[in-house]
Amino acid sequence: AEAIATGLVDRASFIRFMNVKAAALHLKASHFTNPSGLDEPDHYSTAYDLAMVSATLLADYPDLRAIVGSKQISIYATPLHKAFNPINIDRLLWTYPGAIGLKPGYTGAAGYCLAAAATRNGRTIVVVVLGSTQHFTDAATLLDFGFRHPVTR
Numbered sequence: 079a080e081a082i083a084t085g086l087v088d089r090a091s092f093i094r095f096m097n098v099k100a101a102a103l104h105l106k107a108s109h110f111t112n113p114s115g116l117d118e119p120d121h122y123s124t125a126y127d128l129a130m131v132s133a134t135l136l137a138d139y140p141d142l143r144a145i146v147g148s149k150q151i152s153i154y155a156t157p158l159h160k161a162f163n164p165i166n167i168d169r170l171l172w173t174y175p176g177a178i179g180l181k182p183g184y185t186g187a188a189g190y191c192l193a194a195a196a197t198r199n200g201r202t203i204v205v206v207v208l209g210s211t212q213h214f215t216d217a218a219t220l221l222d223f224g225f226r227h228p229v230t231r
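For the sequence shown, position 95 matches number 173 in the numbering used here, and the numbering has no gaps at all.
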């Protein structure tokens with residue numbers, strides 16, 4: 079997130095854009111002070127708001143969807159950095175059938191967190207787990223629950 083923020087515009091402008099986008103998505107319980115979700119005063123969100131951001135990313139940003147769903151990518155060398163091949167730490171990508179991948183994370187204040195999604199039979203489900211010690215297991219349990227139950231509106 080930091081690399082995207084500094085690669086597109088200056089960091090402060092990117093953070094302003096994040097908050098403008100949050101307002102456009104009607105996220106009422108989120109305020110961003112950094113691109114990556116690290117602990118800072120006045121940086122907060124909710125599971126609901128993060129699920130709305132996740133669903134929007136999956137629906138409207140196919141390039142980002144491809145990135146978060148990649149088990150490993152190759153980043154080529156530039157004059158500013160060496161080449162490297164990071165491996166996605168989202169365990170669901172490796173173990174959960176239909177996993178799309180989104181964002182695992184950890185901070186001291188939030189604990190282990192995970193925004194995850196999976197698709198089966200044309201149906202995509204997004205789950206968000208916050209403050210868990212078993213975030214991958216909890217997300218898989220929520221996804222299983224969702225896939226076992228019919229869609230209701």
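Glycine residues also receive a C-beta, built at the ideal position from the N, C-alpha and C atoms.
query                                                                                                                   : result
Pairwise C-alpha distance: H121 and A107                                                                                : 10 angstroms
Limits of the unbroken beta strand (DSSP E) element including P140                                                      : Element bounds for P140: not the beta strand (DSSP E) but the alpha helix (DSSP H), 140–146.
Host alpha helix (DSSP H) of G224 (start-end)                                                                           : 213–226
N199 versus G147, V229, P140, N112, residue with shortest Cα-Cα distance                                                : V229
Where A196 falls: helix, strand or coil (DSSP)                                                                          : strand
Spatial neighbours of R201 in its chain, beta-carbon cut-off 8 angstroms, leaving aside the 5 residues before and after : F225, V229
Where the alpha helix (DSSP H) through K106 begins and ends                                                             : Here K106 belongs to no alpha helix (DSSP H), and DSSP marks it neither H nor E.
Those residues which DSSP pairs with T156 across a bridge                                                               : H159
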